[in-house]
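Comments concern the structure below.
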Amino acid sequence: MTWKNRAANYALGVLAGLVAAAVMLLVMAAGRNWLGISPLPEAIPDRIAPTLSIHQFFDLFAQYGGYNGLKKFGIRSGIQAIIAGGAVFGLIYSIVVESKRSRQWLPWKHGISRMGLVLAVALVSAVWIATLIFLWPILQANYRGLPPSQARIVSAIGYLLTYLAFALSLLVTYRFVARRPAMPIEQLAGQPELDGDRASLMAAGRPSSRRAILAAAAGGLVAIPTFLIIRKLYDRATFSYDGTIYNGPGVQPLVPVDKFYTVTKNVVDPNIKKSLWALEISGEVERSKKYSYDDLAAMTPIEQESTLMCISNAVGAGLSSNAVWTGVRMQDLLNDAGVRDSAVEVKLYGADGYTDTFAIEKALDPTTLVVYEMNGEPLPERHGYPVRVVVPGLYGEKNVKWVTGIEVVDYDAKGFYETQGWGPNFVIPTRSDIFSPKRTRHRGQDSFDQALRVNQEVSLRGRAFAGDRGVEKVEVSLDDGQTWQPTTIDYPGTRLTWVFWSYAWTPTKAGDYVLVCRATDQNGDLQTSDVRGTAPQGATGLHKVKASVV
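With the numbering used here, you'll find the sequence shown wraps up at 561, consecutive numbering, no jumps.
Structure below.
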């Protein structure tokens, strides 16, 4: 075989690899859209993210323009890696197939090298097993809502079919573009274009430019439905609402569902099919249980008003909201399963592969709920449809959305973000802020947007939250904390919610003022003035706002 012929075959191997990569992307996109199987460009970042330190995580935010920028980079680089990997393996495949040893290994079946077939089978087996091992911690993810035990099986089968689709496409495409006689060379003796030992060699591939064009066109055609499915998924992407805050003069004690703060790790949130969804109770229990949505809805409903707050919520920021939740007590589900004495924690599994944990005592607290309604409406998709967990007093990351599994464990388990180094304390500290008049933050300092007028009354309004300890009172200082005045509690809420407060202030002198607020919880403990950043245990400190009076 001449070097020109060899180089042409190697180029065809790259082409075949690219076509196979296109088929693989189509299978993954279809599996994600209709079966909820997390594709590699989505699954691998989810697997790696918890292994990063908080410092590394935030560095990546800065490098790629925030969490959404990092998500886009992960998906884009994952797709690029599949395309590049397809080209590289296609090249390797052509080198192996066109080697003398491969052409000596007779008989070939349907013009396909036995050595090439062995290579493809070995690749599929090795990569599939490696995938299952590497992705095992998130293999229970299923964006259509299958419970963990079923999701792992479906994911494993899905990845196998994906790799088989790649291998089969590679074999067929290369066979198509690199023609060769369908019989051993000893039956074709005397043809000068065939090289090597004519008694034992299969003919080398004969590159066909016409077939190469057809193969490239086929790959392009495969890319069209792939693009359409990815575009459909992109239209449901979280970029438009991830990081939604609720803040400013118009905030309400009960937050409208469409205004509720939102944080998600996902590029595309789960699109759960209620008929497929189930909640599994497993682990250190006397009997494993499985509940359908209808099973939960048939139980006596519990209504509970609770406020959620993200651990990344800076002092004075708006990653916090309040709603009335309807569902059932987790306590009842666990008691029905029979919690063993060895239980230490519960580990919660979300349909998106997210996990988190909290103490068994908190799981058995009657205020910890498994909910299916929010302000009297079914949970929206972005807030955990059809079912999520609400655990008062702990930061939002513990309130797992799209929950599909509750595993009772006998050890100190760590969830998605806790593995990064968040915590170990996830109890919400007492917080308060001033949200009205309208203010803007610049270089870490909050200031009212408009100057206030001497001898003109202004209503200062704010909120305070103490986790599940309730707020007893809120005070405001007009002189940067030197003296304190009591405020009026306009919305007392409950022990599990925030309160809204107000204070009528009539400034009598022009100048700049620093206003500060602080809260005392119902245990009598005063909000700390110690300043702490959001990582790793949530922010603390007093909220200060600069006011200019003219």
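Heads up, the beta-carbon is just placed ideally off N, CA and C, and yes, glycines get one too.
Three-state secondary structure assigned by DSSP to residue i
i    : result
L199 : The predicted position of L199 is uncertain, since its pLDDT is 44 and thus under 50; a value taken from the coordinates is nonetheless stated next. The answer is helix: DSSP assigns L199 an H, G or I state.
V398 : coil
I313 : strand
R209 : Reliability of the predicted coordinates at R209 is poor, the pLDDT of 44 falling under 50, and no value is obtained from them.
K285 : coil
E204 : At E204, the pLDDT of 43 sits below 50, so the modelled position is not reliable; the number obtained from the coordinates is stated separately. Residue state, collapsed to three classes: coil.
V274 : coil
H554 : strand
W516 : strand
Y302 : strand
G361 : strand
P267 : coil
W433 : coil
Y154 : coil
R506 : coil
N258 : coil
D541 : coil
G549 : coil
H453 : strand
E297 : coil
Y78  : helix
T337 : strand
Neighbour-count burial assignment, residue i, 16 or more Cβ in a 10 Å radius
i    : result
E372 : exposed
T13  : exposed
N466 : exposed
A54  : buried
S323 : buried
R480 : buried
I240 : buried
T545 : buried
Q431 : buried
D501 : exposed
L330 : buried
W562 : Nothing can be reported for residue 562: it is not among the residues displayed for the chain, which extend from 12 to 561.
T173 : buried
K82  : buried
A477 : buried
L553 : buried
T415 : buried
P281 : buried
Residue i: first and last residue of the uninterrupted alpha helix (DSSP H) it sits in
i    : result
A215 : No alpha helix (DSSP H) holds A215; DSSP gives it neither H nor E.
F427 : Element bounds for F427: n/a, residue is neither H nor E.
S220 : 220-246
E109 : Here E109 belongs to no alpha helix (DSSP H), and DSSP marks it neither H nor E.
V25  : 14-41
G127 : 125-146
D532 : Unbroken run through D532 is the beta strand (DSSP E), 522-532; no alpha helix (DSSP H).
N346 : 341-348
I292 : That residue, I292, is in no alpha helix (DSSP H); its beta strand (DSSP E) goes 290-294.
L71  : 65-75
E53  : 51-59
Residue interval of the beta strand (DSSP E) (run including residue i)
i    : result
Y502 : 499-502
A370 : 366-370
F446 : 442-447
F459 : 456-459
I439 : Unbroken run through I439: none, as it is neither H nor E.
A462 : Looking at the DSSP string, A462 is not in any beta strand (DSSP E), and its letter there is neither H nor E.
G416 : 414-420
Y170 : Premise fails: Y170 lies in the alpha helix (DSSP H), 159-188, not in any beta strand (DSSP E).
V487 : 482-488
Cβ separation of residue i and residue j, assumed to be a contact under 8 Å, to the nearest whole Å
i    : j    : result
K555 : V510 : Not a contact, Cβ separation roughly 20 Å.
T273 : R393 : 6 Å
Q496 : Y524 : About 13 Å separates the two Cβ atoms, so there is no contact after all.
T368 : M341 : Actually they do not touch by this definition, with Cβ atoms about 13 Å apart.
F271 : S332 : 4 Å
G338 : V382 : 3 Å
Residue-chain proximity (residue i, chain D), Cβ-Cβ < 8 Å
i   : result
T62 : No chain D appears in the structure shown, which is made up of a single protein chain.
Do the segment 353-373 and the segment 307-325 meet, that is, are 3 or more Cβ pairs less than 8 Å apart?
Three or more Cβ pairs closer than 8 Å define a contact, and the segment 353-373 falls short of that threshold against the segment 307-325.
Under 8 Å, with one C-beta from each stretch per pair, do the segment 21-29 and the segment 98-110 reach the 3-pair mark?
yes
Is the segment 27-46 touching the segment 172-179, taking contact as three or more C-beta pairs under 8 Å?
yes
Stretch-stretch touch, CB-based, cutoff 8 Å, three pairs: the segment 446-461 with the segment 397-406:
no
I'd like to know if the segment 344-359 and the segment 289-305 are in contact, where contact means that at least 3 CB-CB pairs between them fall below 8 Å.
yes
Tell me, please, whether the segment 114-133 touches the segment 240-255 by the rule of three or more beta-carbon pairs shorter than 8 Å.
no
Taking contact to mean 3 or more Cβ pairs, one atom from each stretch, closer than 8 Å, check whether the segment 71-81 and the segment 154-165 are in contact.
With a cut-off of 8 Å, the segment 154-165 and the segment 71-81 do not count as touching, because too few Cβ pairs lie within range.
Do three or more CB pairs link the segment 301-311 to the segment 487-496 at distances below 8 Å?
At 8 Å Cβ cutoff, the stretches do not touch.
Evaluate the contact criterion for the segment 535-550 versus the segment 435-449: three or more CB pairs, one atom per stretch, below 8 Å.
In this structure the segment 535-550 touches the segment 435-449; the number of beta carbon pairs closer than 8 Å is three or more.
Evaluate contact between the segment 127-146 and the segment 209-223, counting only Cβ atoms and requiring at least three cross-stretch pairs below 8 Å.
no
Does the segment 467-475 come close enough to the segment 447-456 to have 3 or more Cβ pairs within less than 8 Å?
A contact exists between the segment 467-475 and the segment 447-456.
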